[in-house]
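Visitor: Chains A and B, in that order, are what the protein sequence lines are. If you read the first sequence in the numbering used here, its first letter stands for residue 1, the second for the next number, and so on. If you read the second sequence in the numbering used here, its first letter stands for residue 1001, the second for the next number, and so on.
There are 2 protein chains.
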Amino acid sequence: MNIGEAARASGVSAKMIRYYEQIGLIPPAARSASSYRVYSEQEVHMLRFIRRARDLGFSVDGISDLLALWRDQSRQSADVKRLALSHVADLRRKIAELEDMAATLENLARACHGNTRPDCPILSELEAPRDNTPGHSSTRKTSLSGRYS
Amino acid sequence: MNIGEAARASGVSAKMIRYYEQIGLIPPAARSASSYRVYSEQEVHMLRFIRRARDLGFSVDGISDLLALWRDQSRQSADVKRLALSHVADLRRKIAELEDMAATLENLARACHGNTRPDCPILSELEAPRDNTPGHSSTRKTSLSGRYS
DNA sequence: CTTGACCTTCCCATGATGGGAAGGCCTATC
DNA sequence: GATAGGCCTTCCCATCATGGGAAGGTCAAG
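(1) In chain order, what residues of the same chain lie with their CB nearer than 8 Å to the CB of Gly1062(B), ignoring the 5 residues before and after it?
(2) Determine which residues share a DSSP beta bridge with Ala1128(B) and list them.
(3) Count the other CB atoms, across all protein chains shown, that sit within 10 Å of the CB of Ser1138(B); report buried if there are 16 or more and exposed otherwise.
(4) So Pro1027(B) contacts chain A; which residues on that side make the cut at Cβ distance below 7 Å?
(5) Quick one: which residues of the stretch 73-86 of chain A get their C-beta closer than 7 Å to a C-beta of chain B? List them in chain order.
(6) Quick one: using the 10 Å Cβ neighbour count with 16 as the cut-off for buried, is Thr142(A) buried or exposed?
(7) Report all residues from its chain with a CB closer than 8 Å to the CB of Glu1043(B); omit the five preceding and five following residues, and keep chain order.
(8) Quick one: Cα of Arg1075(B) to Cα of Asp119(A), how far?
(9) Would a C-beta distance cut-off of 8 Å place Thr104(A) and Leu1091(B) closer than the cut-off?
(10) For Ala1030(B), which residues does DSSP report across the bridge?
(11) Please decide whether Arg1147(B) counts as near chain A, where near means a Cβ-Cβ distance under 8 Å.
(12) Do Asp119(A) and the ligand SAH come close, with the Cβ less than 7 Å from some heavy atom?
(13) Please report the straight-line C-alpha distance between Arg31(A) and Asn2(A), rounded to a whole angstrom.
(14) Assuming Ile1122(B) and Ala1109(B) make a contact with CB atoms under 8 Å, what is their CB distance in whole Å?
(15) Can you tell me the Cβ-Cβ gap for Ile1023(B) and Val1060(B), rounded? I've got them flagged as a contact below 8 Å.
(16) Where Gln73(A) and Thr1116(B) are concerned, what is the direct C-alpha to C-alpha distance, given to the nearest angstrom?
(17) Excluding sequence positions up to five away, which residues of its chain have a Cβ less than 6 Å from the Cβ of Cys112(A)?
(18) Does Ala6(A) come within less than 8 Å of chain B when only Cβ atoms are used?
(19) Residues in its own chain within less than 7 Å of Val1012(B) by CB, not counting five upstream and five downstream?
(20) Strictly under 8 Å for the Cβ-Cβ distance: is Leu47(A) near chain B by that measure?
(21) Enumerate in chain order the residues of its own chain whose CB-to-CB distance from Asp1065(B) is below 8 Å, with the five nearest sequence positions on each side excluded.
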């Protein structure tokens, strides 16, 4: 099976398959006489695994760990579970961060008349904040970074 | 005021101040005889505005729009409000996406024994999914992208 | 044998940020 | 006045996962 077919069958783009090979997430594919990459069902299976892990928000590093466990017949499910829950914790941290932003902004928007006049509490807040985050506590200092607009 | 001082005063790193200038988010700073960038209180004020918008998750493009409105004395607060609420919608979309991931993963983790045996529903799911997302509905097709692990 | 659909590698771009090098400037202390 | 060290300048590189596209080779069907 050529890379295009493998891409269609796995849901991972040909571009990304080559990339994953390049960074060592997957082993180098076998090559045909004319240097075409050739994939077995086995390998497509692995690509599908990667695709799903990606859909669950795992980074390439995380996927690498998952693949290692997947291949390891003597793995302990506790290790898989730990990996998964650690990722869940990351996700929840990120969610809380975004939720704080959304709540703050929503509060300000609620206070904004939204008419034809120029005065606006949203801009006022950006100019000089006066603590508009409604509860949720926590010392939000280190952000996992990432911008969303 | 030099760039370092402006950075300390605004919470925007010197590196980022130069970057914002380079991409045109802020106008080129005045220069001293020796080519040092010089900032007025006015400009530090703008940098603080940018910093806060950034903290609320706005992208540089979004911040650019906000700055334009901020400067526009004849703006309509409705425009600011629309911008803010549109960003809130983006944030909530992203949150829902991450929440779906977290919920799916948490469900799988709950079903995992987490012991010394190798069998694990998390890996099984990655191998061949059988719809583990608990409710939340929606046709999740286009992701705003972004990996979190 | 041509056409079109594939494949190959290589380079570039994204967005926001930081790291670091090489070199110039400025001020306080000796 | 000279030196130290703390600023500043520009320029290049890296991140992370992804896509775009060019230049050129291959293959199968007509």
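Ideal Cβ positions, reconstructed from N, Cα and C, are used throughout, including at glycine. These numbers were taken from a predicted model, which means no experiment stands behind them.
Guide: For this structure:
(1) Ala1053, Leu1083, His1087
(2) Its beta-bridge partners do not exist; DSSP assigns none.
(3) Note on Ser1138(B): pLDDT 44, under 50, position unreliable in the model; the coordinate value appears next. Ser1138(B) comes out exposed.
(4) Under the 7 Å cutoff, chain A gives no residues; its nearest Cβ is about 18 Å from Pro1027(B).
(5) Gln73, Ser74, Arg75, Gln76, Ser77, Ala78, Val80, Lys81, Ala84, Leu85
(6) Confidence in Thr142(A) is poor, its pLDDT being 40 and thus under 50, which makes the residue's placement unreliable; the coordinate value appears in the next sentence. Classification of Thr142(A): exposed, given that the 10 Å Cβ count is below 16.
(7) Ala1006, Ile1026, Ala1029
(8) 8 Å
(9) no
(10) Val1038(B)
(11) Summary for Arg1147(B): the model assigns pLDDT 47, below 50, so the residue's position carries little reliability, and this model does not support an answer.
(12) Judged by which ligands are present, the structure shown has none, so any question about the ligand SAH falls away.
(13) 9 Å
(14) Yes, they are in contact, since the Cβ atoms of Ile1122(B) and Ala1109(B) sit about 6 Å apart, within 8 Å.
(15) 7 Å
(16) 12 Å
(17) Here the set comprises Cys120, Pro121, Ile122.
(18) Cβ-Cβ to chain B under 8 Å: no for Ala6(A).
(19) Cβ neighbours of Val1012(B) beyond the five flanking positions: Leu1047, Ile1050, Arg1051.
(20) no
(21) Leu1083
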